[in-house]
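Okay, so here's the structure we're looking at.
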Amino acid sequence: MQRDTKRRLQAATAMACCLSAALAGGWTGTGNATDAPAAAGAAAEPPQDAVDRLRAEVERQAAGLREELDRAEREQDWGELVRRKLVTDAILAPLHLVRDAMRAAHGPDPGAPVDLLRSLRIEWRAGPVAERWCDAAAAASARDWVRAWTPAPGDSRAYRVRVAAEHWTGDDAPPLAEWEITAQWADGAPAIEARCTSMLPVSDSRRIAFPLPADGFTIRWGEHGASYVDPAGRTHDERWPAAPIFNNPPDSYAAFDGLRLARSPDDAVASGTAAPAGEAARAVAPGQTGELGRDADNARWDRSVARPDGSVVRRERWLRVDGRVVGIESEQDARRVVHHAPQGVELVTEVDGSETSRAPHRSSTEVAMPAMRWTLDADAPGRAPTRWTLWVDGRRFASAEFETLPSVGNESAVASETPDRSLAAGATSARQLVERAISTHSLPLVQDAMLAIDRLYAEHSLPQAQRDAERRLLAERVSAAGMGELPAPADGPPDADSTRELPPPDPRTGESMRVAWDVCANEAIGCLADALRKRDLGEDRSAAPMRRELRARLDAVRAMLGTDRAPHLDAALAAPPPDAVAIRRRMKSTVEAAAARESRRSEVVRELLGDELGDARRTTAERRTVDAIVHAATNEYLRWISTPPG
């Protein structure tokens with residue numbers, strides 16, 4: 001379809017250019033029109049009338065070219081884009097929920113609408129929408145509820161969320177993401193930092209229907225843009241216009257567009273008058289039971305969101321017990337979003353060698369989005385939400401589990417799970433085992449990888465859709481590698497396998513890991529010595545303490561190898577040690593840059609704020625330098641783990 005569109009566009013452009021040149025040449029004496037003799041008895045046409053007629057003809061051809069471009073846009077199949085947008089929007093929904101709740105509870109406008117998950121109803125059309133409550137006091141009570149679990153200005157709050165889609169997108173598996181979200185305020189607006197600690201399935205990260213890598217990343221999202229960074233140091237940053245356009249290609253969807261759509265033209269919500277009694281009655285019929293099993297007449301507030309023309313885009317039922325919110329049920333009809341062509345053009349017309357008009361043009365069409373329903377539930381009245389479920393066209397599409405942590409500064413709250421039982425560590429270990437099994441063409445390792453995956457899913461009660469996807473992806477990878485069929489479990493059904501233990505590691509593997517780490521650690525210490533030598537410290541007494549601290553940190557990591565405390569550092573089998581020369585070459589610039597950067601910062605503090613604060617900043621600089629070196633050594637070790645032996 002795209003190739004046909006490009007051919008039509010090229011042909012139309014060539015036609016317009018040739019026609020414009022031919023017409024211009026004909027009236028200037030270089031074409032056939034001026035060479036042909038005038039018909040006998042025909043009156044000569046006034047020059048100005050001829051130019052006007054030519055101008056009208058050129059504009060008609062330009063209009064035809066615009067119509068051809070618009071037709072090419074309208075004729076594309078947007079089904080794949082809609083499916084990928086729905087999956088991406090579902091995985092990003094927890095970020096939107098926290099941000100929307102913060103704006104409603106503590107925004108600059110005391111009466112800000114309580115418009116949660118507005119990203120799922122935005123239509124990319126001009127004009128704000130209006131909210132209407134069935135009770136004038138309902139909006140204030142709803143605002144009190146979101147205020148109870150969102151941070152106030154000057155404060156921070158942390159959340160752990162596990163969200164999963166439940167349907168394949170074309171040939172790509174449904175993703176499951178675990179987010180660690182930190183919410184705070186910056187310049188009077190919500191600022192979200194979301195760290196994706198794990199992404200499932202682990203069997204083939206290239207086949208996950210989410211447009212960001214599966215090996216962990218961090219997104220920082222503010223009022224005017226967002227930034228991205230992953231463990232490998234890759235970064236991306238976007239600053240957004242006030243009214244961005246929706247212009248994704250037909251077969252892909254950008255994650256950042258899922259964030260910036262909050263600035264679309266209909267993002268603004270105005271509080272309206274109370275909904276008529278008849279509309280509230282239509283939302284839930286008398287005596288009907290709500291999603292959570294309570295009588296809807298006696299335990300709900302009704303809210304609707306209407307377009308400028310008065311049509312309703314969303315109807316909500318806020319369920320309550322003893323006057324406190326316990327859940328939300330939201331329904332919205334199918335809607336249309338305005339999609340613009342990924343590539344815009346500029347149409348330039350000329351008459352008689354002179355430019356007559358220059359107009360930019362970007363084709364657009366309306367893409368249909370399906371009807372949706374979602375619920376947001378709390379475990380008890382007035383408490384923070386714990387579950388979110390999304391239905392699309394009547395089918396369950398995605399779900400999420402929320403955990404609101406007591407405080408960002410509470411280390412025990414963030415690390416409530418032991419490292420060896422965390423989803424991120426288990427997923428990383430299973431992913432490495434899969435990659436090593438495929439790279440070595442080892443069927444026994446494939447069996448161990450499937451066993452590790454089954455155990456991961458059993459320990460964390462993960463959705464069946466992701467478990468099924470794991471088996472399909474791993475079977476396809478085994479077949480594509482020429483290894484035959486995925487080995488069947490030897491001891492019964494998959495659920496029985498998930499309770500078995502993996503075989504104990506080969507002692508040679510543990511020794512291989514320690515040798516590899518020693519190479520990385522020794523090169524890290526050597527790089528620190530080189531960096532300190534460049535600084536010409538002389539009698540500076542900080543060099544020796546830094547070396548001792550670095551050695552202690554490196555030894556602590558070595559002690560975790562082959563234990564259950566850091567499975568993401570474990571190798572799947574013995575392998576030759578890494579090349580020390582290559583490690584030194586890669587680490588040297590990183591370590592020197594970190595040492596120089598931190599030293600320069602401490603000197604600036606000393607010059608501006610005096611010796612006392614300068615000494616304090618210098619101590620911090622030394623610690624941060626050691627942190628950077630340990631991180632660089634760990635990256636080199638992880639590179640060795642992921643490199644096939646031989």
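Mapping to this note's numbering: the sequence shown position 244 is 244, numbers consecutive. Backbone N, C-alpha and C fix where the C-beta goes; we use that ideal spot for every residue, glycine too.
For A368, the pairing in a beta bridge is given by DSSP as R336. Counting along the chain, G614 sits inside the alpha helix (DSSP H) bounded by residues 611-642. A Cβ-Cβ contact shorter than 9 angstroms links P370 with V82. Between V313 and A449, the alpha-carbon positions lie close to 47 angstroms from each other. Judged by their CB atoms, A465 and A165 are nearer to each other than the 9 angstroms cut-off. A residue is called buried when at least 16 other Cβ atoms come within 10 angstroms of its Cβ; A368 does not meet this threshold and is exposed. Between V269 and R125, the C-beta gap is not smaller than 9 angstroms, which leaves the two residues out of contact. Under the Cβ criterion (8 angstroms, minimum of three pairs), the segment 154-168 does not count as touching the segment 130-146. The beta-carbon separation of W391 and R362, rounded to 34 angstroms, does not stay under the 8 angstroms limit for a contact. Segment contact: the segment 424-436 against the segment 554-561, fewer than three CB-CB distances shorter than 8 angstroms; contact not assigned. DSSP places R84 in the uninterrupted alpha helix (DSSP H) bounded by 79-106. Considered as a whole, the segment 426-494 harbours 443-460, 464-480 as its complete alpha helix (DSSP H) runs of no fewer than 4 residues, in chain order. Secondary structure at P190: strand, using DSSP grouped into helix, strand and coil. If you draw a straight line from the Cα of R514 to the Cα of A559, it comes to about 9 angstroms. Of the residues assessed, P576 falls on the exposed side of the cut-off, its CB having fewer than 16 other CB atoms within 10 angstroms. Cβ neighbours of A63 within its own chain (closer than 8 angstroms, five residues either side excluded): none. Distance from the CA atom of A398 to the CA atom of I122, rounded to whole angstroms, is 19 angstroms. By the Cβ-count criterion, K85 is buried, with 16 or more other Cβ atoms from all chains shown falling within 10 Å of its own Cβ. Secondary structure of H568 (DSSP, three-state): helix. For L65, the three-state secondary structure derived from DSSP is helix.
The alpha-carbon of P113 is positioned some 7 angstroms away from that of E131. When the five nearest sequence neighbours on each side are left out, the beta carbons in the same chain lying within less than 8 angstroms of the beta carbon of F210 are those of V87, T88, I91, P175, A177, M199, A255, in order along the chain. Between Y159 and T386, the beta carbon gap of about 11 angstroms keeps them out of contact (Cβ cut-off 8 angstroms). In the structure shown, C196 adopts extended strand secondary structure according to DSSP, grouped into three states.
Beta-bridge partners of P385 (DSSP): A378.
Secondary structure at F217: strand, using DSSP grouped into helix, strand and coil. Boundaries of the beta strand (DSSP E) harbouring W301: 300-306, taken from the DSSP string.
The beta carbon of A481 sits closer than 7 angstroms to the beta carbons of I438, H441 from its chain, once the five residues preceding and following it are set aside; these are given in chain order. By a beta-carbon distance limit of 8 angstroms, A183 contacts T150. Their separation comes to about 7 angstroms.
Taking the C-beta atoms as reference points, A226 is found nearer than 9 angstroms to L259.
A distance below 9 angstroms separates the beta carbons of A594 and T625.
R383 is not a Cβ neighbour of A142, given a cutoff of 9 angstroms.
Comparing C-alpha distances from P265 to each of A243, G233, R60 shows the shortest one belongs to A243.
Between T218 and V202, the gap from beta carbon to beta carbon reaches 9 angstroms or more. Contact check for S479 against E470 fails: the beta carbons are separated by 9 angstroms or more. A distance below 9 angstroms separates the beta carbons of C520 and P578.
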